[in-house]
Amino acid sequence: MTDRHVLITGATRGLGRSLAEHYLAQGDTVIGCGRGPSPLNHERYVHACVDVADEAAVKALFADLRRRVDRLDALINNAGIASMNLMALTPVDVARRIMETNFLARSCSRRARSASCGARNTRGL
Ligand SMILES: NC(=O)c1ccc[n+]([C@@H]2O[C@H](COP(=O)([O-])OP(=O)(O)OC[C@H]3O[C@@H](n4cnc5c(N)ncnc54)[C@H](OP(=O)(O)O)[C@@H]3O)[C@@H](O)[C@H]2O)c1
Numbered sequence: 026m027t028d029r030h031v032l033i034t035g036a037t038r039g040l041g042r043s044l045a046e047h048y049l050a051q052g053d054t055v056i057g058c059g060r061g062p063s064p065l066n067h068e069r070y071v072h073a074c075v076d077v078a079d080e081a082a083v084k085a086l087f088a089d090l091r092r093r094v095d096r097l098d099a100l101i102n103n104a105g106i107a108s109m110n111l112m113a114l115t116p117v118d119v120a121r122r123i124m125e126t127n128f129l130a131r132s133c134s135r136r137a138r139s140a141s142c143g144a145r146n147t148r149g150l
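In this note's numbering, the protein residues as written are 26 to 150.
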């Protein structure tokens, strides 16, 4: 078991879920988020239902994290969505949602930087 704390956005399925399982297997503590619940059930896994495009929800997540852990060692900003439509055929609300999720949801990175201030050696993560 390590004392590293890894935050993974979009951990409910796909790559994010696999990454969460990888770090749990390494002995790390993983904080995962997604809009929905997680199928992961592990003593070192903490899940938060958070939409990364919702600034207030991200702020609340980091406020909660500060109470739970003394620092973050890594952020894997994995949450994202895609639409396989041609741009001209993509409805405006879908395009807006993609931009909000994939490009504008930067507050996770910004907040993670301040939360990682006390991080020790993270080589090998
Ligand atoms: N798979 C590929 O071939 C590929 C290729 C290039 C890039 N990528 C990128 O790699 C990342 C993961 O891909 P994937 O294939 O594993 O995707 P996926 O299976 O669709 O999983 C996406 C994850 O992101 C979460 N998510 C989506 N929107 C969110 C939001 N607004 N707030 C919080 N969580 C959100 C989803 O959880 P909820 O639905 O519960 O919110 C889910 O856990 C994505 O950013 C994707 O664009 C993937």
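Positions of the beta carbon are idealized from the N, C-alpha and C atoms, including for glycine. Remember, it's a predicted structure, so these values are computed and weren't measured experimentally.
Residue j and residue i - do their beta-carbons sit closer together than 8 Å?
i	j	result
VAL94	CYS133	no
SER63	ALA36	yes
ALA78	THR126	yes
Leaving aside the five residues before and after residue i along the sequence, list all residues of the same chain whose C-beta is less than 8 Å from its C-beta, in chain order.
i	result
GLU46	LEU65
ALA73	ILE56, GLY57, CYS58, LEU86, ASP89
Out of the options, which has the shortest C-alpha to C-alpha gap to residue i?
i	options	result
TYR70	ALA113, ASP76, THR115, ALA50	ALA50
ALA107	PHE128, ARG96, ARG91, ILE101	PHE128
ARG42	GLU68, ALA88, CYS58, ALA81	CYS58
ARG91	MET26, ASP28, THR27, ARG136	ARG136
ASN103	ARG60, ARG29, LEU40, MET109	LEU40
ARG38	ASP28, ARG60, MET124	ARG60
ALA130	VAL75, VAL117, LEU97	VAL75
Less than 6 Å between C-beta atoms, sequence neighbours within five positions excluded: which residues of the same chain meet that for residue i?
i	result
MET48	As written in the sequence, residue 48 is Tyr, which differs from the Met given in the question. For TYR48, where only same-chain residues beyond five positions count, the Cβ hits under 6 Å are VAL31, VAL55.
ASP53	THR27, ARG29, VAL31
GLU80	SER132
Can you list, in chain order, the residues of its chain with a C-beta nearer than 7 Å to that of residue i? Leave out the 5 residues immediately preceding and following it.
i	result
ILE15	Since the first and last residues shown for the chain are 26 and 150, residue 15 lies out of range.
Inset, instruction - Identify every run of the beta strand (DSSP E) within the region 30-62, keeping only runs that are complete inside it and at least 3 residues long; order them along the chain. - result: Those beta strand (DSSP E) runs which fall completely within the region 30-62 and span 3+ residues are 30-34, 54-59.
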